[in-house]
Amino acid sequence: MRNSYLASLQFLLFFILCELKTKTTIAESWPTTLQSSTVKLLGLFPEQTDIEPKNDMWTIHCRSMFKAAILLSQRYNITLEGQLVDYEETLTDNDVMVMVDHTCQKVSTSNIVGIVGPAYSSEVRFIASFAYRLGIVAVSYAATNPDLSTIDNEAFYRTVPSDENTALSIIKLFLQYKWKSCTIIYQNDEYGYGGMNFLSQKFVEFNINTTDTIKFDMKQQNFQIDFRKTLSDSLSRIVVVWANENSSLTILNKALEADVIGPYFVWILTTTISLDHFSLTQKSKLIGVLTVEPVEGHLVDAPINTTLLNQAYDLWKYYDYDTFPGDTNVSSYALFTFDAAWSLILSLQQLCSIQLPCLEFVNVSNCYNRLFLHSEHYYSIMSKMTFLGVSGQIKFSNETADRVDDAYYIVKNIQPLNTDPNNIYYLPVLKWYTGSDKWTYYTNESNDIIWPDLSKNIPKDHRLISGQKLRIAIMEVAPFIMLKNSTNMYNNMTDNYKIVDMTSFHGFFKDILSNLQDRMGFIPVIMLVKPDTKYNELVAGVANDLYDTVMCGITITEGRARIVDFSETIRPNSLRVLIRKPKSIQLDYLAFLKPFSLTLWLLLLGIGLYAAVLIYLFERNNNEKFKKENSDSGNLLSIVRPLVKSVYYAISYLLGKGPDFHVSTAAGRLLTIGIYIVCIILTATYTANLSSYLVRQTTIPTISGIDDIINSKILSSRVGIVEESTIQDYAVLQGIKNYYPLKSLNEIFINLMNGDIDAAIWANVTAEYYTNNLYCDIMTVGADFGHSFYGIPVKQDWLYKADLDSNILLLSDLGIIDQLSAKWFGQYKCGTPQPLNVKITKITIEPMSGLIIIFFALSIISILLHFWLPRDACKPKIVPIRKKFDRAQRACITADIMPCTFCKSRRMVHIPRMFKRRRSLPDTWHVHAHALSMVQGTAQMALDLPRWPSQYVSRLI
């Protein structure tokens, strides 16, 4: 009790002296090493090369807290084998070999039982191996490389959190602000490489894109690339600097020179650098810069050992008041240094409490062969060490070199303090610990981040789309996109698309595009695709980076969403059934001409006139009808009337009805056969085609909606479906098989008008526009179905998607989309319908070419026959036969003698029909040879022939 009382009194007197020291501000140096102690801890610290303000001299802070920890152990009378703990220091100068040499010298001349440090990750592996060789423990206060966590020789630990936690804290910041890309600048040492690699790997896990990595050469103090161009051309506008304070200072100065710090970039540092190096103008450009650093627990409301902390600060102020920055400005690394030293002191104290002697070494003359005899106990105690330190809870494990409790971080923001533009400094704005899901405000919302554009709006992580070219694919689909002159625009289109001007089209999406362009400032590059391009091909083009987006009414589907992202929805969509309108009466005075094309009609007329001329040529001198016309008329009529009779004859046979007279020549009969063949074939073809046309015009579909199609009320082969569209997906889902495949929207209406299909399915919005404005003979039936939404497809993880979504939502909130929908989808122009461009199937000359060739071949043969046969053989011979019949009638038999070989074995009598009496005769009587003798010489003829009116009987021999 007495010893405890004396110790308390000693501390009271000590703190009174410290207060006096503080008030008098008399500077004293730290006490030198104790001559009586041989137990020492070695502190390894980087050399403070620049003259820094005392707030930013973190190396000085670390050295001061290291000494404070040693002095406090002495004040607490912590002894090891009766000796107080003392210290040695060495400055590493960021040179590994120098550090190892200095450490070896200290070990050779002093009884070093533990090492505090080093500060840099590049030095740790050497010191960790050296400590393990000596059998002692090294505890770092600033080495953060994630790879150091895997050092498992039990001789190395660290009180500073690993960069693994730093990377995780940065990722949480990215996720919180919805940033998806960044550029990483790193210094070319183990700390820089390790942090960059680990951060990049973690970014990949969280789907954050590292657009560029830029290496900073520490020796040359420069970049190996065009720094300004790389950052300016980068798609990302978030820059993470993974470098120490000296390298970060140089990097920021070069960034200021390149003008890549300011309103367009957000810089995130992993260390705090002094702002006293910058002018006020430069500081104003640095507004918005963030630093993410590990801190002591009390800054995030975690418990710490405030007693030790206050005592350490009092010692610091007592011995080196000029370098003390104030309680709130002490570097966190200084507190990690204190805990590193304190952990070694406590572990050695525990070792000596259970093992005496506890500080024995062998081979003390050689630093590399020197060995601490009780290293195993030392390592075991250190791996189980736990205490509440000045930076928070300290706890080690034999599974990792890191402290295993939570790590704490804050984000500091360079901003004008108290709205004073001349007072620009760091302000803590956010805090986070490893067990938390998100960053929270450091104090309250009033201490918010001031971003580079001097606003509190969270900036985008990517280059602004303003001024950037945006490749937009369009396809003519009314009323979304309507070309002003589609024929000219599609002419000579050899590629899959062509670049067109914004003024060459209009429509719903043209107005949407114009509004988005006004608000976002991009430069549209319009790519008109071929009209038969399938919708899925357009979506695939976005996924494959052929276009940046498509604007022509793309429906959002699950399958498409797997390969692209979609914007906020533009407007609802659904499907509808299309059919032909029922037609009770359709007045068409020329409908009877539709089965044949105009050229075929003209050809038939030409055939008729051609045949008439030939008939006139063949019959004018050989046919009694023609001779009579020649003899009864004057000169002109004697030519016109036979010619008209020839036209009458040819046209009559072409129409399938013979005239009331017959040709008398072989050439004329052969030509008549040719005309009759043409008549039979064309009549059959005409009848079939006309019937088909009339049926198509008068058929009334019985379908009333999609249910009739699903229930097979009509054949699925009569239902048109555009392939590779959402309609095809719906049809397959509903079990509609063997449908009529179509390639484009226009084919729906053409095939409906042609009667090739009876129904089709398409998007309701487009279907109603087409039926109300373009195709008035088509109608929609039934209720709409297959509800979905229209969206704008973009590439997955597209940098500008958030901008696009926000502006689409803005257009919707302002009612602009509703106004445009009413403008384009509420039109009705079927009072003056547009041309349908539907081709009725008509018979042309080509299918009839064979028939026409046959006819002309027969006509040529008949012409040859006409000129080949002697005309004298065809002269008529009149044989008057006078006989008295039962009514004293007379008959004259006119015999035409034909020198044809096939007629010699048979003789016939031809009697034309006469209509002067009620009693008519057959057209032709054939009488064999014995009947002819009866006519010539006997009255028996009256018995063989029936009674007939007085007429001429033609005997064809």
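In case it helps, mature numbering (1 follows the signal peptide of the UniProt record, and there is no 0) puts the sequence shown at residues -27 to -1, 1 to 930.
Beta carbons: idealized from backbone N, C-alpha and C, even for Gly.
Item to check | Spatial distance of GLY799 from LYS503 (CA atoms) | outcome: 27 Å
Item to check | Spatial distance of CYS155 from VAL767 (CA atoms) | outcome: 20 Å
Checklist entry - Can the beta-carbon of GLN707 be found closer than 7 Å to that of ILE683? => result Contact flag set, yes.
Item to check | Residue from ALA231, THR32 and GLY647 whose Cα sits closest to the Cα of ILE834 | outcome: GLY647
Next on the checklist: Quick check on the DSSP output: the beta strand (DSSP E) that includes GLY693 runs from which residue to which?
Outcome noted: 692 to 695
Next on the checklist: Taking the straight line between their C-alpha atoms, what separation do you get for LEU253 and GLN160?
Outcome noted: One C-alpha to the other measures close to 27 Å.
Next on the checklist: Rounding to the nearest angstrom, what Cα-Cα distance links MET38 and ILE438 in this structure?
Outcome noted: 50 Å
Checklist entry - For the segment 159 to 176 against the segment 402 to 415, are there 3 or more C-beta pairs whose distance is under 8 Å? => result Taking a cut-off of 8 Å on C-beta distances, the segment 159 to 176 does not touch the segment 402 to 415, as fewer than three cross pairs fall below it.
Checklist entry - Should LEU772 and HIS347 be called a contact, given that it needs their Cβ atoms to be closer than 7 Å? => result When the beta-carbon positions are compared, LEU772 and HIS347 stay at least 7 Å from each other.
Checklist entry - What residues match up with TYR60 in a beta bridge as DSSP calls it? => result DSSP, once it has assigned bridges, lists LEU14 as partnering TYR60.
Next on the checklist: At 3 residues or longer, what runs of the beta strand (DSSP E) sit wholly inside the segment 164 to 224?
Outcome noted: 182 to 190 and 211 to 215
Checklist entry - Buried or exposed: where does MET466 fall if 16 or more other Cβ atoms within 10 Å of its Cβ makes it buried? => result exposed
Checklist entry - Closest to TYR351 by CA distance: which of TYR381, ALA380, SER316 and LEU787 is it? => result SER316
Checklist entry - Which whole-angstrom value is the C-beta distance of PRO425 and ILE260, which I expect to be below 8 Å? => result 6 Å
Checklist entry - How many Å lie between ASP484 and LEU715 at the Cα? => result Roughly 29 Å between the two C-alpha positions.
Item to check | contact_flag[the segment 790 to 797, the segment 574 to 585] where n(CB pairs < 8 Å) is 3 or more | outcome: no
Next on the checklist: Quick check: what's the CA-CA separation for MET887 versus GLU597?
Outcome noted: In this prediction, MET887 scores a pLDDT of 38, lower than 50, which makes its location untrustworthy; no coordinate-derived value is stated.
Checklist entry - Helix, strand or coil: which one does DSSP assign to GLY514? => result helix
Checklist entry - So, VAL498 versus LYS442, is the Cβ gap smaller than 7 Å? => result yes
Checklist entry - TYR713 by DSSP, collapsed to three states: which one? => result In this structure, DSSP gives TYR713 an extended state, which the three-state scheme calls strand.
Checklist entry - THR184 to VAL213, Cα distance in whole Å? => result 12 Å
Checklist entry - Just how far apart, CA to CA, sit SER83 and LYS433? => result The alpha-carbon separation between SER83 and LYS433 amounts to approximately 57 Å.
Checklist entry - Exposed or buried, what is residue 951 when buried is set at 16 or more other beta-carbons lying within 10 Å of its beta-carbon? => result The displayed coordinates of the chain run from -27 to 930. Any statement about residue 951 would go beyond what the structure contains.
Checklist entry - What is the DSSP secondary structure of TYR93, reduced to helix, strand or coil? => result Coil.
Item to check | CA nearest to the CA of GLN255, picked from PHE129, TYR398 and LEU146 | outcome: TYR398
Next on the checklist: Just to confirm before moving on: does the CB-CB distance between LEU551 and PHE758 stay below 7 Å?
Outcome noted: Against a cut-off of 7 Å, the Cβ pair of PHE758 and LEU551 comes out as no contact.
Next on the checklist: Under DSSP, the alpha helix (DSSP H) around HIS75 begins and ends at which residues?
Outcome noted: Per DSSP, the continuous alpha helix (DSSP H) segment holding HIS75 begins and ends at 69 to 82.
Item to check | Candidates PHE828, SER207 and LEU361: closest to ASN182 by CA position | outcome: Nearest option by C-alpha distance: SER207.
Checklist entry - Skipping 5 residues on each side, what residues in its chain have a beta carbon closer than 7 Å to that of VAL80? => result LEU107, CYS340 and ARG343
Checklist entry - Is the distance from the Cβ of PHE297 to the Cβ of SER364 below 7 Å? => result no
Checklist entry - What three-state label does DSSP hand GLU54 in the structure shown? => result If DSSP states are grouped into helix, strand and coil, GLU54 belongs with coil.
Checklist entry - In or out: VAL335 buried (at least 16 other Cβ within 10 Å) or exposed? => result exposed
Item to check | Residue nearest to ASN662 in terms of C-alpha spacing, selected from ALA639, ALA564 and GLU592 | outcome: Here the closest residue by C-alpha is ALA564.
Checklist entry - What are the boundary residues of the alpha helix (DSSP H) that LEU332 is part of? => result Segment: none, LEU332 is in no alpha helix (DSSP H) and carries neither H nor E.
Item to check | Through-space distance from GLY440 to PHE495, alpha-carbon basis | outcome: Rounded to the nearest angstrom, the two C-alpha atoms are 5 Å apart.
Next on the checklist: DSSP has TRP405 in a bridge; who is on the other side?
Outcome noted: TYR382
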